[in-house]
Amino acid sequence: MEEENRMEFKKNILCIGAGYVGGPTMAAIALKCPELRVEIVDINAERIRQWNSGDIPIFEPGLDEIVNQVRGKNLFFSTEIAEGIKKADIIFVSVNTPTKTFGEGAGMASDLQHWENTAHAIVAHSQGDKIIVEKSTLPVRTAEAMERILKANRRGIRFEVLSNPEFLAEGSAVIDLLEPDRVLIGAHRTPEGLAAEKELVDIYAHWIPREKIITTNLWSAELSKLVANAFLAQRISSVNAISALCEKADADISEIAYAIGSDSRIGSKFLNASIGFGGSCFQKDILNLVYICKSYGLTEVADYWEMVVKMNEYQKRRFVQGIVREMFNTIAGKKIALFGFAFKANTGDTRESPAVQVTRDLLEEHAYVAITDPQALENAKQDLQGTDGRVSYEVDPYNAAEDAFAIAVITEWEEYRRLDFERIYRSMKKPAFIFDGRNILDHGKLYEIGFNVYPIGKKPLTHFE
Ligand code: NAD
Ligand code: UGA
127 MEEENRMEFK KNILCIGAGY VGGPTMAAIA LKCPELRVEI VDINAERIRQ
177 WNSGDIPIFE PGLDEIVNQV RGKNLFFSTE IAEGIKKADI IFVSVNTPTK
227 TFGEGAGMAS DLQHWENTAH AIVAHSQGDK IIVEKSTLPV RTAEAMERIL
277 KANRRGIRFE VLSNPEFLAE GSAVIDLLEP DRVLIGAHRT PEGLAAEKEL
327 VDIYAHWIPR EKIITTNLWS AELSKLVANA FLAQRISSVN AISALCEKAD
377 ADISEIAYAI GSDSRIGSKF LNASIGFGGS CFQKDILNLV YICKSYGLTE
427 VADYWEMVVK MNEYQKRRFV QGIVREMFNT IAGKKIALFG FAFKANTGDT
477 RESPAVQVTR DLLEEHAYVA ITDPQALENA KQDLQGTDGR VSYEVDPYNA
527 AEDAFAIAVI TEWEEYRRLD FERIYRSMKK PAFIFDGRNI LDHGKLYEIG
577 FNVYPIGKKP LTHFE
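Counting in our numbering, the final residue of the sequence shown is number 591, and the numbers go up one at a time with none missing.
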């Protein structure tokens, strides 16, 4: 049956790594290119089982509909890595590249062991020429290492390495993939490199206007990915730095963001002050950029970008310090409800979520923490293993708030705006506090209900003399 299907397809695409990027990107390619057979493989058998089930392993609005449409037709999930490599014409590598936790560069450099394992697997199982596409975010010039591993073992097989970094954001992955601002493809400017580049351009051109497909040299593509994340994160740290000043100067960070964002040279996006950015990539990619700069001896450049991460740490710390200070310098024995645990709305992902740090800091102060989140409770439990007894998990935000002394809004879930805060207020200990780490609630209304309200970068609204 499989064999019969294979004959119908024009090309075999393989993706190694069935995660937050591999799953959605390949589902989009399968949807838009029915003549391609797309297979996603992973060493994590449980993850593959979930992709093959009715309950896919990541929450991403709109994704399950697409997967249901193409799975079993031209999209397949499997643990058969060797077989997949053998069949593939084009191999996307979309494995995780976390910050290294050991040895040289620990805490800064990318841990490339998963990525290198895939290079060795590709060499071991390839029987014909292949195009290898770096989808993972990698340090600049990583393709060179990939080429060396492949060429040192090549046995007459030709491998052409391309860089095709992914710019999707979690929570909006489907729309980002179907209507991206741009697709970036880096290739060697040689006849072979350009031919491989054309093959990949042709895939994306199925649904993306040609002028949005940017082609560059390999190193520019690799580095553009790190720089894009660094610039985005830098905007958040910049606005968060100013939020601290607003709180001293009685200015309002939302008014400032609007005023400066109206300048078309600055633009309005990514200027929402918050408790700090989270997610699996911003911090890791900036630290990686810092490490690369340091390794080239560019100390000032490294220090400049490292401040973006340091400012983010400061913002998270400052949030908890504010809670303790405003609640009469003690939260020991008090219940605090965290509204949201995911690193942003519309995802269940909690990797590097500020919520993790905030919870640990609150526990350090001997508070009890009740966590509610529409999608992230299972991941929260994993993240907070070992804190049993002092942390509770509530599907229902009203239960989380009951008998709490304070609510801290951590994630900007739309449903939190629509809660019945009069009911919540009645169920809480008094005086009741709200620390809105996302500035999503109606602060004036909360104040009228009776809450003492502490936004980010704005004057607090309190009933105290
Ligand atoms: P992830 O951890 O969700 O998925 C990676 C998958 O690779 C895992 O399922 C893991 O089991 C698998 N894997 C690891 N080694 C393997 C091997 N040798 N063979 C087969 N499978 C293997 O990671 P992710 O969030 O999808 O990120 C992947 C890459 O994409 C990273 O480099 C990341 O920086 C980048 N990226 C992520 C996002 C995002 O929104 N998460 C966006 C853009 C780019
Ligand atoms: C980010 C980038 O936006 C993607 O382009 C990139 O592909 C991806 O990283 C990656 O390389 O992994 P993501 O981390 O999924 O995407 O989500 P973002 O929307 O960028 O949000 C990151 C963090 O910044 C979240 O914690 C979010 O709440 C926070 N944020 C965002 C703010 O605090 N303020 C803002 O104005 C915007």
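In this text, a Cβ means the ideal position worked out from N, Cα and C, and glycines have one as well.
Whose C-beta lies closer than 8 Å to the C-beta of residue 343 among residues of the same chain, with five residues either side of it excluded? Excluding positions up to five away in sequence, the list reads 312, 313, 314 and 315.
Just to confirm, does residue 562 get its C-beta within under 8 Å of one of the non-hydrogen atoms of the ligand UGA? Because no heavy atom of the ligand UGA lies under 8 Å away, the Cβ of residue 562 does not count as near it: no.
With DSSP as the reference, please indicate the residues paired to residue 236 in a beta bridge. In the DSSP secondary-structure assignment, residue 236 is bridged to 225.
Relative to the ligand NAD, is the shortest distance from any of its heavy atoms to the C-beta of residue 407 smaller than 8 Å? Answer for residue 407: yes, Cβ within range of the ligand NAD.
Residue 109 in three-state terms, based on DSSP: Shown here, the chain extends from 127 to 591; a query on residue 109 therefore has no answer.
Cα separation between residue 513 and residue 321? Each residue's alpha carbon lies about 55 Å from the other.
Mind pulling the beta strand (DSSP E) runs of 3 or more residues that sit fully within the stretch 451 to 504? The stretch 451 to 504 contains these whole beta strand (DSSP E) runs: 461 to 465 and 494 to 498.
Residue 387 - DSSP class collapsed to helix/strand/coil: Residue state for residue 387 is assigned as helix, using DSSP reduced to three classes.
Looking at the structure shown, is residue 146 part of a helix, part of a strand, or coil, going by DSSP? Coil at residue 146, not helix or strand.
Does at least one heavy atom of the ligand NAD sit under 8 Å from the Cβ of residue 147? Because some heavy atom of the ligand NAD lies under 8 Å away, the Cβ of residue 147 counts as near it: yes.
At a cut-off of 8 Å, is residue 500 close to the ligand UGA when judged by its beta-carbon and the heavy atoms of the ligand? No - the ligand UGA has no heavy atom lying nearer than 8 Å to the Cβ of residue 500.
Where does residue 566 fall in DSSP's three states? DSSP places residue 566 in the coil class of the three-state scheme, outside both helix and strand.
Please list the terminal residues of the continuous alpha helix (DSSP H) segment that includes residue 324. Note, residue 324: alpha helix (DSSP H), 317 to 330.
Nearest-angstrom Cα distance between residue 583 and residue 371? When rounded, the distance between both Cα atoms is 7 Å.
What separation, rounded to the nearest whole angstrom, lies between the Cα atoms of residue 129 and residue 540? Bear in mind that the predicted position of residue 129 carries a pLDDT of just 45, short of 50, making it unreliable; the figure below should be weighed with that in mind. Each residue's Cα considered, the two are about 47 Å apart.
With DSSP run on the structure shown, which of helix, strand or coil describes residue 519? Collapsing the DSSP output to three states places residue 519 in a strand.
Close beta carbons around residue 458, own chain, < 8 Å, minus the five adjacent residues each side: Same-chain partners within the cutoff: 491, 492 and 493.
Over the uninterrupted beta strand (DSSP E) stretch that includes residue 270, give me the two end residues. Premise fails: residue 270 lies in the alpha helix (DSSP H), 268 to 278, not in any beta strand (DSSP E).
For a test of the three-state rule: what should DSSP assign to residue 137, helix, strand or coil? Of the three classes helix, strand and coil, the one that applies to residue 137 here is strand, per DSSP.
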